[in-house]
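S.K.: After the structure tokens below, expect a handful of questions from me.
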Amino acid sequence: MHQPDPGVVEKLSRELNYHPIAAAILVNRDILTLTAAKSFLNTSLNNLRPPFSLKDMDAAVDRIHKAIIDNEKILIFGDYDADGVTAVVIMLDFLSYVGADVSYYIPHRIAEGYSIQPKHISQYARPNQFDLIITADCGSASYPAVEAANRFGIDMIITDHHNIAEDLPPALAVINPKRHDCSAGLENLAGVGVAFFLLICLRTRLRETGYWNARPEPNLKDYCDLVALGTVADMVPLTEENRILSKTGLDLIKAGHRPGLTALLEASAIQNQSLNAEDIAFRLAPRLNAAGRMDHAARAVDLLIAKDTAAAHKTAHTLNLLNRKRQDLERGILADIQRFIDSNPSLLHRRTLVLYRQGWHAGVLGIVASRIMHEYYRPVVLISLQEGLGKGSARSVEGINLYDALTACRPFLENFGGHAMAAGLLIREEKMADFQAAFEKEIQLTTSPEALVPSLQIDSDLDFTAISDDLIDELELLMPFGAGNPEPLFLARNVKVVNSKIVGKNHRRMILSQASGYTTATIAAIHFNAKDEDAKKTHFDQVVFRLHWNRWNGKKSAQIVVEDLA
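Residue numbering for the sequence shown is 2 to 567, as defined by this note's numbering.
Here is the structure:
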């Protein structure tokens, strides 16, 4: 459990006029002063750091400006996940608005693989006479493609946020806040965040040259719904700029001004006013990603650029069907892996799980890897083999840098890319055993056994009698919750079940009570995926829970969501 300094908590509580519990949560997030708290709570777009501070931004803006003025052909080349798709859409929309000759290309996940490759230059960009290629959420490791573009006289601008080597690809501009020589302090931006910062700078350059004298200057805030969608979906830390962009974007999504997102909300059975970052991460993003995993990411683009409500609903319905298909495939692979682990229990003596099989659908391996990682709490690599080549997805636990571990195993890999928590890779079948051993050895050398023991970071004890409307309202001001800003966890002791019932398959809805001194307080609770033994208990020594408003049909009531019981 966190143990914040009581003096710092009391001072911050008094200065903010906040509940001491809310102040303690801020301190637990290393927000220790009134200035830091105000900066955290004030999510105005005016608080974004200067976008021109990103390395190579000037060169990129100058080149795109020239392409607009000279009516050159521009190609946006994007990644096939939600982050890449949203980055493509905001750049496509902006450049279309300013009258540029622009189109986009997203590769097929299975048939073409990740990022831009030499074949995309020779077989698509050159025959279609593109003058400029701008990548979206990819390209940092695409040296051969950039070299091919240079040979054909096509300029390339890379916008990306994935880990990047010291040796940069020889593009006209490489805008990646993770560049070692970039001091902007924006390294946590998602790919769509980098694209958004590029648009801010491009709009400024067009203003300086009088471009907006002939047409209204666009309000870039209108793109924040898509920026929030891509940012939350990519699981980057929801702090600083990402917090500002996500908070602003969530409000825009709730306002329902984009037909595609409104249709996706309805298809996901989400009420606009109750939307939060968790809904994006676990309900909206999977449906968008299902397009690239099961079909083609162009379907997700079609949804987000839709102007017609009927067309948007039709596409959202298609994504829903693809998502169900994706879930069926996942269940099959999960069952396959579980049977294999049950038959080979010695696998769990290792600190890593590297599993591979012929015929696994490569498009869903990332999600399955994430589920296996959470189940067994260790780095997981799942690889689908086909004709001697393996395509893999990897996921890691908090505190173990996956990208660094894969870098140490580079001799056994054809290619890889990603970041600390998630990565993709290509490997020859004959290198599988060597990679398996090298990856396990690297994690053993760099990781203590304690790092592989899951733990809940509890923010504070919280008796039911201390729960108030004001406290829940103040907790909502700390949203959006996600990576880097986890939703607060509380602990209540000696809790009784007043009544309960099972809803859905195995969710337990309860009324809980707790005595504190001479007072007894009750509160509604939901325990998702309750184990059989927990669903029968009528008393708990400890309950770990999240606290928020339960909104339904225009009404709200206090509710706790049970995370753990003892």
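From the three backbone atoms N, C-alpha and C, an ideal C-beta is built for every residue, glycine too.
If P260 and K308 are in contact, beta carbons under 8 angstroms, what's the gap, nearest whole angstrom?
M.R.: About 6 angstroms separates the two Cβ atoms, so the contact holds.
S.K.: Determine, using beta-carbon pairs with one atom in the region 426 to 435 and one in the region 458 to 470, whether at least three such pairs fall under 8 angstroms.
M.R.: Counting Cβ pairs under 8 angstroms, fewer than three are found: no touch.
S.K.: Which residue comes first and which comes last in the beta strand (DSSP E) that contains T160?
M.R.: Here the beta strand (DSSP E) through T160 covers 156 to 160.
S.K.: Just the C-alpha distance for L35 and N18, rounded to the nearest angstrom, thanks.
M.R.: Each residue's Cα considered, the two are about 11 angstroms apart.
S.K.: With a threshold of 8 angstroms, are at least 3 pairs of Cβ atoms found where one atom belongs to the region 256 to 272 and the other to the region 67 to 86?
M.R.: Touching, no.
S.K.: DSSP beta-bridge partners for T520?
M.R.: Partner(s): S517.
S.K.: Can you give the Cα-Cα distance for G485 and L227, rounded to whole angstroms?
M.R.: Looking at the two C-alpha atoms, the distance is approximately 20 angstroms.
S.K.: When we look at the beta-carbon of F341 and count the other beta-carbons within 10 Å, is it buried (16 or more) or exposed?
M.R.: Label assigned to F341: exposed.
S.K.: Any contact of the region 133 to 146 with the region 190 to 199, i.e. 3+ C-beta pairs under 8 angstroms?
M.R.: As far as the Cβ criterion goes, the region 133 to 146 touches the region 190 to 199, which means the pair count is three or higher.
S.K.: Note down the Cα distance separating V382 from Q339, rounded to an integer number of angstroms.
M.R.: Distance between the alpha carbons of V382 and Q339 is about 15 angstroms.
S.K.: Assign W553 to one of three DSSP states: helix, strand, or coil.
M.R.: The answer is strand: DSSP assigns W553 an E or B state.
S.K.: T136 by DSSP, collapsed to three states: which one?
M.R.: Residue state, collapsed to three classes: strand.
S.K.: Starting from I22, follow the alpha helix (DSSP H) in both directions and report where the run begins and ends.
M.R.: Start and end: 21 to 29.
S.K.: What's the C-alpha gap between C410 and K326?
M.R.: The alpha-carbon atoms of C410 and K326 are separated by roughly 34 angstroms.
S.K.: Can you check whether the CB of S14 is closer than 8 angstroms to the CB of P7?
M.R.: The answer is no: Cβ separation not under 8 angstroms.
S.K.: Any idea what DSSP makes of L383, helix, strand or coil?
M.R.: Three-state DSSP puts L383 in a strand.
S.K.: So, under 8 angstroms CB-CB, G526 and I561 are touching, yes? Tell me the CB distance rounded to an integer number of Å.
M.R.: Rather than Gly, the amino acid found at residue 526 in this sequence is Ala. About 5 angstroms separates the two Cβ atoms, so the contact holds.
S.K.: Below 8 angstroms, can you find three or more Cβ-Cβ pairs linking the region 464 to 479 to the region 445 to 456?
M.R.: No, they do not touch.
S.K.: Helix, strand or coil: how does DSSP classify Y224 here?
M.R.: In this structure, Y224 counts as helix in the three-state DSSP scheme.
S.K.: Going by Cα to Cα distance, which pick from V355, L403, L349 is closest to Y377?
M.R.: Measuring from the Cα of Y377, the nearest candidate turns out to be L349.
S.K.: By alpha-carbon positions, which one of G192, L566, H549 ends up nearest to S558?
M.R.: Taking only the C-alpha atoms, the option nearest S558 is H549.
S.K.: For a test of the three-state rule: what should DSSP assign to I338, helix, strand or coil?
M.R.: I338: helix per DSSP, three-state reduction.
S.K.: Should R294 and R110 be called a contact, given that it needs their Cβ atoms to be closer than 8 angstroms?
M.R.: Yes, the Cβ-Cβ distance between R294 and R110 is below 8 angstroms.
S.K.: Return yes when the Cβ of R510 is within less than 8 angstroms of the Cβ of S501, no when it is not.
M.R.: For S501 and R510, yes; Cβs fall inside 8 angstroms.
S.K.: Secondary structure at M480, three-state DSSP: helix, strand or coil?
M.R.: If DSSP states are grouped into helix, strand and coil, M480 belongs with coil.
S.K.: Can you check which of these residues, T263, P217, A185, is closest to I281 by C-alpha distance?
M.R.: Out of T263, P217, A185, T263 has the C-alpha closest to the C-alpha of I281.
S.K.: Kindly give me the distance between the Cβ atoms of S514 and K497, rounded to whole angstroms, as I take these residues to be in contact under 8 angstroms.
M.R.: The pair is a contact, with the Cβ atoms about 5 angstroms apart (cut-off 8 angstroms).
S.K.: Could you spell out the range, first to last residue, of the alpha helix (DSSP H) harbouring S97?
M.R.: Taken as a continuous stretch (DSSP letters only), the alpha helix (DSSP H) holding S97 covers 83 to 98.
S.K.: Alpha carbons only, please: which of Q124, I65, L190, H162 is nearest the one belonging to L49?
M.R.: Of Q124, I65, L190, H162, the residue nearest in Cα terms is L190.
S.K.: Quick one: give me the first and last residue of the alpha helix (DSSP H) that S501 is part of.
M.R.: Counting along the chain, S501 falls outside any alpha helix (DSSP H), though it belongs to the beta strand (DSSP E) covering 491 to 504.
S.K.: Using the Cα positions of E422 and E564, report the straight-line distance between them to the nearest angstrom.
M.R.: In the sequence under discussion, the amino acid at residue 422 is Met, which differs from the Glu named in the question. Distance between the alpha carbons of M422 and E564 is about 23 angstroms.
S.K.: Would the beta-carbon of I155 fall within 8 angstroms of that of A126?
M.R.: Contact flag set, yes.
S.K.: Can you name, in chain order, every residue of its own chain whose Cβ lies under 8 angstroms from the Cβ of A149, other than the five neighbours on each side?
M.R.: P119, I122, S123.
S.K.: Helix, strand or coil for H297, going by three-state DSSP, please let me know.
M.R.: Three-state result, H297: coil.
S.K.: Sorted by chain position, which residues of the same chain lie with C-beta nearer than 7 angstroms to Y1's C-beta, five sequence neighbours on each side aside?
M.R.: Within the shown structure, residues of the chain are numbered from 2 to 567, placing residue 1 beyond reach of any answer.
S.K.: What residue range is occupied by the uninterrupted beta strand (DSSP E) comprising Y106?
M.R.: Y106 -> beta strand (DSSP E) spans 102 to 106.
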